[in-house]
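Student: For the record, the sequence lines run as chains G and Z.
Mapping to numbering that gives the first Met the number 0: the first sequence position 41 is 40, numbers consecutive.
Mapping to numbering that gives the first Met the number 0: the second sequence position 382 is 381, numbers consecutive.
Quick reminder that beta carbons are idealized off the backbone N, C-alpha and C, glycines included.
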Amino acid sequence: MSDATTSGRLAHHFESLEQQHESALLGMWAFLAQEVMFFGGLFTCYVVYRNLYHDAFVEGSHHLDVFLGTVNTAVLIGSSLTIALGVRSAQLGRPRATAGFIGATIALALVFFGIKSVEYWAKYEHGLIPGLAWHPEPGASPQLGIFFGLYFVMTGMHALHMLIGLGLMVVVGWRALRGRYGPDNFIGVEVLGLYWHFVDLVWIFLFPLLYLLGRHAH
Amino acid sequence: MSVPGAATARTAEPSNYLNAEYSIKSWFLTLDHKRIGLLYLAGLTFFFTLGGLFAVLIRLELLTPEGDLFQSETYNKLFTMHGIFMVFFFLLPSIPAVLGNFFLPLMIGARDLAFPKLNLLSWYIYMVGGLFTLYAMVAGGVDTGWTFYTPYSSVYANSHVIAAALGIFISGFSSILTGVNFIATIHTMRAPGLTWFRMPLFVWAHYATSLIMVLGTPVIAITIVLVAIERLFGVGIFDPAKGGDPILFQHLFWFYSHPAVYIMILPGMGVISEIVACFSRKRIFGYHIIAMSSLAIAVLGFLVWGHHMFVSGQSIYAGILFSLLSMLVAIPSAIKVFNWTATLYRGSIRFDTPMLYTLGFIGLFTIGGLTGIFLASLAVDVHVHDTYFIVAHFHYVMVGGMVMAYLGGLHFYWPKMFGRLYPETLAKIAAVMIFVGFNLTFFPQFLLGYLGMPRRYHAYPEEFQVLNVLSTAGASILGLGFALPMGYLIWSLFRGKPAGNNPWGASGLEWQTQSPPISHNFDEVPIVTEEAYAYDTLRPPAAASPEQEEVLHV
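Structure follows, in structure tokens:
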């Protein structure tokens, strides 16, 4: 039973590698459906409050650093490319290239975290973190707190998902180096890739909603 | 099969999942879906007992009109903890986690669920979530009601909301992972020949349940996170003083918590379909439409949450729409009840214990369901909103329906799980006690609610006392009825008569393997050549009572 554990080889309860791959793939898609609903709750809150407090949300967007946000978007899209190349290398049976591309993805994720920390720090300095450091300029819209509350929960949840992805990438990258994956056996990398693309996709929605929408209005 | 460690094996019992290994590690790190099912059974029984104890205290307080046993604040905590433990740690996992875990792979001819490690992880997540909630209870309890309505829960409550909420948040992931596991298993691991429309209805019901688990649970997860953040940082998302909207919380909460009701009842309906066919010795009536009605309930379940909010101030047009949609759910539910009844018609019915629970389920679920239609009607709902009418309604569905199905299923599958028979007469007595006790407890509450007694108060006007005393008396009978199976089922593990592989003469792959099943379920992957419930071609059990059945298998 223990060989059912970590190796990508055929686990005892499956009939064929094909069946095992199909299960893992379907399992990850079902899990991602769950993720869509999880973030869906947050996006619903965003839509409701943006609709109620349009001006506060426009004001909030002006406090965000569009340049850093844009750079981070590019970084994340780049990481989606590197993980896709990693999946392709695994399919072609190139363990070192697989590990290399996963390493590159990790590096890009770390760059994202670095830039995000700079942004969070700026919010702290400007007193725009509800509950921790909240002293917005006089005359600020009274519902600015809701915007920043949502901003931190949404980007924070996204960052949490990236952290989990980072942990998975360390494990899968290590296994790739050890030669666990091959042309008929790359499901571990593929499933990781799916997850990572999803995390990127969340950011692709967060970025325009939080940073860009309504900036031209004032 | 060789018996491992022949010196330690005192009897000549063939190797099975129970005696394959004995170490503590072999239980707590097991990847066998059957052992994980039993781990869940232990956890669930613990939380059910705990929730039951709170119910006892509630009924004791309500024996008299004055608030003489508990202060109102303590009483608030009692019904909150009763609700939280029963809903999140017993009803939601109950049948899927125990019987689903154990029997889903057996029923589809698989050796395990698709992701055994994920399965074990989900049990640990469930237990950690439970322990957090236990901590909240020991540290002083929660008084918000199991619904955690804002802004009371997020701003004003002085009890341990965050710890309890965190416990529920954590245990939600156990539900999600179970759902993911079931979906992948049902899609990819069916035995050769087991097409979708040959699957037992138990499997269909679990498939529909898993869809709700995967698509509904994450919404309550993020909602609970928002409540906790609101409490910690005062962001104001649900606080009207800062521009937040408490009604938004109710929308998000019920978007999950109404479908959650179907997470609780659908697996029960699956169990009932199995038992009805087996003890009527008939092919189930309307197989396809029962299977589809499970999916219909799962889908419609996501469109009716607003019927919990008729008096919340939501738009009257939304109210009308939610009212109509809620009534639609009655259609697939009624389809099931009619089909079970039609299966009974001209069947060779045997009144064994599982069948008693099943007949109880059909009657009580019908009452629970029909009163649901009363509540879906806007005008009636405004009259009985937040009264004991609601309490009686959902207990008819949850206890009269779900708990009956759970106990029926447990009795039906017990001989397969442990290879032992329970004492049939005692079990029948317990089933009747539960039925009588249940009705005596909750029927008076319909009357109380209709007369206007509000829920969640520890004191009430004197004219309601007679009905409340009846209810408390019923609860004592109900409690005894629940205690009996706990006793004789454990007794049967050691002293019960050997059950044989198929004591009920039931169809289905799970009955073709040994009792208790071997660790990898089947020596050879079975090949399915016929529909489920082929009772017209199946030999009925020769013996009238299952006790004599073993003779057949010796």
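Name, in chain order, the residues that DSSP records as bridge partners for Ile-330(Z).
Tutor: Bridge partners of Ile-330(Z): none, in fact.
Student: With a cut-off of 8 Å, does the C-beta of Pro-3(Z) fall near any C-beta of chain G?
Tutor: Its pLDDT being 46, under 50, Pro-3(Z) is placed unreliably in this model, and the value from its coordinates should be taken loosely. It does not: the Cβ of Pro-3(Z) has no partner Cβ on chain G nearer than 8 Å.
Student: Would you mind telling me which residues of chain Z sit closer than 7 Å to His-125(G), beta carbon to beta carbon, in chain order?
Tutor: In chain order: nothing, as chain Z lies at least about 17 Å away.
Student: Can you tell me where the alpha helix (DSSP H) holding Pro-135(G) begins and where it ends?
Tutor: Per DSSP, Pro-135(G) belongs to no alpha helix (DSSP H) and is neither H nor E.
Student: Between which residues of its own chain and Ser-71(Z) is the CB-CB distance below 7 Å, once the five residues before and five after are set aside?
Tutor: His-457, listed in sequence order.
Student: Hey, out of Trp-203(Z), Gly-243(Z), Gly-507(Z), whose CA is closest to Leu-225(Z)'s CA?
Tutor: Per the Cα distances, Gly-243(Z).
Student: So for Leu-24(G), helix, strand or coil by DSSP?
Tutor: It is helical.
Student: When you compare the CB of Ala-29(G) with every CB in chain Z, is at least one pair closer than 8 Å?
Tutor: Yes, Ala-29(G) lies at the interface with chain Z (some Cβ there is under 8 Å from its Cβ).
Student: Can you give, in chain order, each stretch of the alpha helix (DSSP H) that sits fully within the region 19 to 61 of chain Z and has at least 4 residues?
Tutor: Correct list: 23 to 27, 32 to 60.
Student: Tell me the rounded alpha-carbon separation between Ala-76(Z) and Ser-22(Z).
Tutor: The sequence as given places Lys at residue 76(Z); Ala does not occur at that position. Cα-Cα distance, rounded: 40 Å.
Student: Please name the residues in the region 47 to 69 of chain G whose beta-carbon is closer than 9 Å to at least one beta-carbon of chain Z, in chain order.
Tutor: The region 47 to 69 of chain G vs chain Z, Cβ under 9 Å: Val-47, Tyr-48, Leu-51, Tyr-52, Ala-55.
Student: Does the distance from the CB of Thr-440(Z) to the CB of Leu-477(Z) come in under 8 Å?
Tutor: Yes. Within cutoff.
Student: Is there a Cβ of chain Z sitting closer than 8 Å to that of Ser-79(G), yes or no?
Tutor: No, its Cβ sits nowhere closer than 8 Å to a Cβ of chain Z.
Student: Taking 8 Å as the CB-CB cut-off, is Ala-3(G) touching chain Z?
Tutor: A caution first: Ala-3(G) carries a pLDDT of 37, below 50, which makes its placement in the model unreliable, though a value can still be read off. So, interface residue.
Student: Whole-angstrom Cβ separation of Phe-38(G) and Val-201(G), contact assumed at under 8 Å?
Tutor: Correct: roughly 6 Å between the Cβ atoms.
Student: When you compare the CB positions of Gly-305(Z) and Trp-203(Z), do they come within less than 8 Å of one another, or not?
Tutor: Taking 8 Å as the Cβ cut-off, Gly-305(Z) and Trp-203(Z) do not qualify as a contacting pair.
Student: I'd like the ranges of any alpha helix (DSSP H) spanning at least 4 consecutive residues and lying wholly in the region 285 to 334 of chain Z.
Tutor: Segments of the alpha helix (DSSP H) lying fully in the region 285 to 334 of chain Z: 286 to 300.
Student: Would you call the region 384 to 397 of chain Z in contact with the region 416 to 423 of chain Z, where contact means no fewer than 3 C-beta pairs closer than 8 Å?
Tutor: Contact fails: fewer than three Cβ-Cβ distances are below 8 Å.
Student: So if I threshold CB-CB distances at 7 Å, which residues from the region 133 to 147 of chain G count as touching chain Z?
Tutor: Correct list: Pro-141, Gln-142, Gly-144, Ile-145.
Student: So who's on the other strand from Leu-127(G), going by DSSP bridges?
Tutor: According to DSSP, which records beta bridges pairwise, Leu-127(G) is partnered with Trp-133(G).
Student: Quick check: Thr-586(Z) and Leu-119(Z), are their CB atoms within less than 8 Å of each other?
Tutor: The first residue shown for chain Z is 0 and the last is 553, placing residue 586(Z) beyond what the model contains.
Student: From which residue to which residue does the alpha helix (DSSP H) around Lys-116(Z) run?
Tutor: That run of the alpha helix (DSSP H) goes 115 to 138.
Student: Please state if the CB of Phe-168(Z) and the CB of Ile-223(Z) are separated by a distance shorter than 8 Å.
Tutor: Yes. Within cutoff.
Student: By how many angstroms is the C-alpha of Tyr-180(G) removed from the C-alpha of Pro-94(G)?
Tutor: Spanning the two alpha carbons is a distance of roughly 7 Å.
Student: How far does the alpha helix (DSSP H) with Met-401(Z) in it extend, from its first residue to its last?
Tutor: Taken as a continuous stretch (DSSP letters only), Met-401(Z) belongs to no alpha helix (DSSP H), as it is neither H nor E.
Student: Taking 8 Å as the cut-off, decide whether the C-beta atoms of Val-336(Z) and Val-303(Z) are in contact.
Tutor: No.
Student: In angstroms with no decimal places, state the Cα-to-Cα distance between Val-398(Z) and Leu-41(G).
Tutor: Cα-Cα distance, rounded: 34 Å.
Student: With distance defined between alpha-carbon atoms, name the residue in Thr-340(Z), Pro-245(Z), Ser-272(Z), Leu-324(Z) nearest to Gln-313(Z).
Tutor: Of the listed residues, the one whose Cα sits closest to Gln-313(Z) is Pro-245(Z).
Student: Mapping the DSSP letters down to three states, classify Thr-386(Z) as helix, strand or coil.
Tutor: Residue state, collapsed to three classes: strand.
Student: Quick one: what's Arg-419(Z) bridged to in DSSP?
Tutor: Bridge partners of Arg-419(Z): Pro-497(Z).
Student: Which of the residues in the region 176 to 203 of chain G, read from start to end, lie with their CB under 7 Å from any CB of chain Z?
Tutor: For the region 176 to 203 of chain G, which is checked against every Cβ of chain Z, not one residue is closer than 7 Å.
Student: Could you list which residues in chain Z have their beta carbon closer than 8 Å to that of Gln-18(G), in chain order?
Tutor: Neighbours of Gln-18(G) on chain Z, chain order: Thr-187, Met-188.
Student: Which of helix, strand or coil does DSSP assign to Asn-438(Z)?
Tutor: Note: Asn-438(Z) maps to helix in three-state DSSP.
Student: Mind checking whether Gly-128(Z) and Gly-82(Z) have CB atoms under 8 Å apart?
Tutor: No, Cβ-Cβ distance for Gly-128(Z) and Gly-82(Z) is not below 8 Å.
Student: Pick out whichever of Pro-414(Z), Thr-471(Z), Arg-455(Z) has its Cα sitting closest to the Cα of Phe-442(Z).
Tutor: It is Thr-471(Z) whose Cα lies nearest to the Cα of Phe-442(Z).
Student: Where are the alpha helix (DSSP H) runs, 4 residues long or more, that stay fully inside the region 138 to 183 of chain G, in chain order?
Tutor: You should have 143 to 176.
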